[in-house]
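Take a look at the structure set out below.
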Amino acid sequence: MPTEESLRNYADVALKIGLGFEAGDRLILSAPVQLPEFVRLIVETAYEAGAESVDVIWGDDQVKRARFSHGTEAAASAIAGTSQFLMSGYEAGASFLYVYAEDPAALAGVDAGRIQNFQRVNSEFVRPQAEARGSLQIPWSIIAAPVPAWNETVFDSEDAEEKMWQAIFRACRVNQDDPVAAWNVHLDDLVRRKKYLNEREFKGLRYEGPGTDLHLGMTDNGTWEGGRVHTPKGRPFVPNIPTEEVFTSPHRMKAEGTVKATKPLTYFGDLIDDFSFEMSEGKVVKAVAGRGQNVLDKILETDEGSVRFGEAAMVPQSGAVAAEGLVWNNVLYDENDACHIALGQSYPMCYEGADQLDQEQKLEAGLNRSNVHVDFVLGSPEVSVFGVSEDGSEEPIISNGEWGFTV
Numbered sequence: 080m081p082t083e084e085s086l087r088n089y090a091d092v093a094l095k096i097g098l099g100f101e102a103g104d105r106l107i108l109s110a111p112v113q114l115p116e117f118v119r120l121i122v123e124t125a126y127e128a129g130a131e132s133v134d135v136i137w138g139d140d141q142v143k144r145a146r147f148s149h150g151t152e153a154a155a156s157a158i159a160g161t162s163q164f165l166m167s168g169y170e171a172g173a174s175f176l177y178v179y180a181e182d183p184a185a186l187a188g189v190d191a192g193r194i195q196n197f198q199r200v201n202s203e204f205v206r207p208q209a210e211a212r213g214s215l216q217i218p219w220s221i222i223a224a225p226v227p228a229w230n231e232t233v234f235d236s237e238d239a240e241e242k243m244w245q246a247i248f249r250a251c252r253v254n255q256d257d258p259v260a261a262w263n264v265h266l267d268d269l270v271r272r273k274k275y276l277n278e279r280e281f282k283g284l285r286y287e288g289p290g291t292d293l294h295l296g297m298t299d300n301g302t303w304e305g306g307r308v309h310t311p312k313g314r315p316f317v318p319n320i321p322t323e324e325v326f327t328s329p330h331r332m333k334a335e336g337t338v339k340a341t342k343p344l345t346y347f348g349d350l351i352d353d354f355s356f357e358m359s360e361g362k363v364v365k366a367v368a369g370r371g372q373n374v375l376d377k378i379l380e381t382d383e384g385s386v387r388f389g390e391a392a393m394v395p396q397s398g399a400v401a402a403e404g405l406v407w408n409n410v411l412y413d414e415n416d417a418c419h420i421a422l423g424q425s426y427p428m429c430y431e432g433a434d435q436l437d438q439e440q441k442l443e444a445g446l447n448r449s450n451v452h453v454d455f456v457l458g459s460p461e462v463s464v465f466g467v468s469e470d471g472s473e474e475p476i477i478s479n480g481e482w483g484f485t486v
């Protein structure tokens, strides 16, 4: 176990940088049962910062698995108590901090259809909270922490937990003399890059690399986000700790070509590897996986929007996460390791004026709607991404895995 000072620094980063925490806040904290000491420390730190109330939703991988392996069909389509608690917290005006740490194989072998049905029903139930997060109406952030089943998939050694903590601390700048100050410097850089990309007003993106030849179209009022974001009242927060990305939501109807994933994807305990998509008129028309084809098919069958893209993110290979040289087996870290694209739900925050549109108008504007948002990594030192202007000219955004422009 790391020192208390390191854990407190991490808690400070999560609250001060991740949530922009303020005295009087209510906090809903979701975390695995394997991390009681760390969770208690976050709770203490929040109260010391003036929290009005802190409540914890404890998660257990085996309890989750039991629903699908031992429960009835009704259990696989029920509204979970945790979903109801999330909605209660949202209605009470809480901020949300998620400690994402789980066994990548927790649901391996479980009927993917039951999992997908449960996710669909519960995603629909918590949609108001999810849409509030996606449109930056409320502060929320995700961090990670080691649990044995995850550690062992990344480090094959007796000291896997300690190695994981140290890798997380480096990736999250917790090991620096002043972690909060280090984060502010990093976020300032991402904000400058976001500003640059917004000023270019690209009409499309072109990806090239081994197995990838992809063109994405942009929405008319599309914007890039990254670094700090703000609620309508101006409160800054950072949804992902760590974050190395600047991202946008492409037009849901404008994707043409092929794209090949460069890292495996773990989805509810099942591994999808060596996979690629063929796109036409914004839609996946062919999906092939060397492993996990059935799971990939289930994702694509979720709803009408799950076969379209909702996010395109630029991440350099020189970032703090990629510098560790690991296959993280954790979507929070894998997506900040290299450029990625997401199937499913768009981010309304990436469309100027989205808060003035109803659901049908958002669809017409090109924003995708789905009960899933599944990131997959396509970046590598061999992949480049170009911004395409209205006249067809191109400028590098990512060049052989690194930023293609300076700010």
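Quick note: the sequence shown uses the numbering used here, first residue 80, plus one each step.
Note that CB positions come from ideal geometry on N, CA and C, so glycine has one too.
Would you mind reading off the limits of the alpha helix (DSSP H) that contains F117?
Its alpha helix (DSSP H) spans residues 115 to 127.
For F326, collect the residues of the same chain with a Cβ closer than 8 Å to its Cβ; drop the 5 residues on either side in sequence, then sort them by chain order.
Excluding positions up to five away in sequence, the list reads W303, E304, G305, E390, A391, A392, M393, Y426, C429.
Report the partner residues of K339 according to the DSSP bridge assignment.
Answer is S355, bridged to K339.
Using only alpha-carbon positions, find the residue among E443, L86, A154 that is nearest to F117.
Out of E443, L86, A154, L86 has the C-alpha closest to the C-alpha of F117.
Counting C-beta neighbours from all protein chains within 10 Å, is the total for E474 16 or more, i.e. buried, or is it exposed?
With fewer than 16 other Cβ atoms within 10 Å, it is exposed.
Verify whether the separation of the beta carbon atoms of S214 and D434 is less than 9 Å.
The answer is yes: Cβ separation under 9 Å.
Can you tell which of S202, W262, V178 has the C-alpha that lies nearest to the C-alpha of I158?
The candidate whose alpha carbon is nearest that of I158 is S202.
Count Cβ pairs between the stretch 141 to 150 and the stretch 161 to 172 that sit closer than 8 Å; are there 3 or more?
With a cut-off of 8 Å, the stretch 161 to 172 and the stretch 141 to 150 do not count as touching, because too few Cβ pairs lie within range.
Grab the span of the beta strand (DSSP E) containing A110 for me, first residue to last.
Counting along the chain, the beta strand (DSSP E) containing A110 begins and ends at 105 to 111.
In whole angstroms, what separates the C-alpha of V259 from that of I221?
Taking the straight line from one Cα to the other gives about 16 Å.
Near T161, what residues of its chain come up, given a Cβ to Cβ distance below 6 Å and the 5 sequence neighbours on each side ignored?
Cβ neighbours of T161 beyond the five flanking positions: I136.
Assign G305 to one of three DSSP states: helix, strand, or coil.
In the structure shown, G305 sits in a strand (DSSP, three-state: E or B).
Pick helix, strand or coil for I158, following the three-state DSSP scheme.
Of the three classes helix, strand and coil, the one that applies to I158 here is coil, per DSSP.
Assuming contact is defined by CB atoms lying nearer than 9 Å, are F388 and P321 in contact in what I supplied?
No, the pair does not count as a contact, with Cβ atoms beyond the cut-off.
What are the boundary residues of the beta strand (DSSP E) that S220 is part of?
Start and end: 219 to 222.
Am I right that P343 and W244 are in contact with their C-beta atoms under 8 Å? What's the rounded C-beta distance?
So it is not a contact: roughly 23 Å between Cβ atoms.
Can you tell which of M166, R193, Q141, P207 has the C-alpha that lies nearest to the C-alpha of P183?
The shortest Cα separation from P183 among M166, R193, Q141, P207 belongs to Q141.
Could you have a look at Y426 and say whether DSSP puts it in helix, strand or coil?
It is coil, neither helix nor strand.
Do V453 and A421 come within 9 Å of each other at the CB atom, strictly closer than that value?
Yes, the pair counts as a contact, with Cβ atoms nearer than the cut-off.
In the structure shown, what three-state DSSP assignment does D267 receive?
Reduced to three states, the DSSP call for D267 is helix.
Only counting runs of 4 or more residues, tell me where the alpha helix (DSSP H) segments fall wholly within the stretch 371 to 406, in order along the chain.
Listed in chain order, they are 372 to 379.
Around the C-beta of D235, are 16 or more other C-beta atoms found within 10 angstroms, so that it is buried, or is it exposed?
Counting Cβ neighbours within 10 Å, D235 comes out exposed, since fewer than 16 surround it.
For K333, name the three-state secondary structure that DSSP assigns.
If DSSP states are grouped into helix, strand and coil, K333 belongs with coil.
Taking all protein chains shown into account, decide if V112 is buried (16 or more other Cβ within 10 angstroms of its Cβ) or exposed.
The residue is exposed, with fewer than 16 neighbouring Cβ atoms inside 10 Å.
Which same chain residues end up closer than 6 Å to W482 when comparing Cβ atoms and leaving out the 5 residues on each side of it in sequence?
If we look at W482 and ignore the five residues flanking it on each side, its Cβ neighbours are P395.
Report the three-state DSSP secondary structure of R279 (helix, strand or coil).
Note: R279 maps to helix in three-state DSSP.
Rounded to whole angstroms, what is the Cα-Cα separation between I351 and A155?
Each residue's Cα considered, the two are about 23 Å apart.
How close, in whole Å, do the beta carbons of R314 and G99 come, if the pair is a contact with beta carbons under 8 Å?
That belief holds up - the Cβ atoms of R314 and G99 are roughly 5 Å apart, short of 8 Å.
Out of Y177, V400, F281, state which residue places its alpha-carbon closest to the alpha-carbon of S472.
The shortest Cα separation from S472 among Y177, V400, F281 belongs to F281.
Distance cutoff 9 Å, beta carbons only. Does W219 sit that close to anything in chain C?
Note that chain C does not occur in the displayed structure, where there is just one protein chain.
Would you call T298 buried or exposed, if buried means 16 or more other Cβ atoms sit within 10 Å of its Cβ?
It counts as buried.
With 16 as the cutoff for other CB atoms within 10 Å, does Y126 come out buried or exposed?
By the neighbour-count rule (16 or more Cβ atoms within 10 Å), Y126 is not buried but exposed.
In terms of residues, what are the limits of the beta strand (DSSP E) holding P227?
Element bounds for P227: not the beta strand (DSSP E) but the alpha helix (DSSP H), 227 to 233.
At which residues does the beta strand (DSSP E) containing L293 begin and terminate?
Here the beta strand (DSSP E) through L293 covers 291 to 296.
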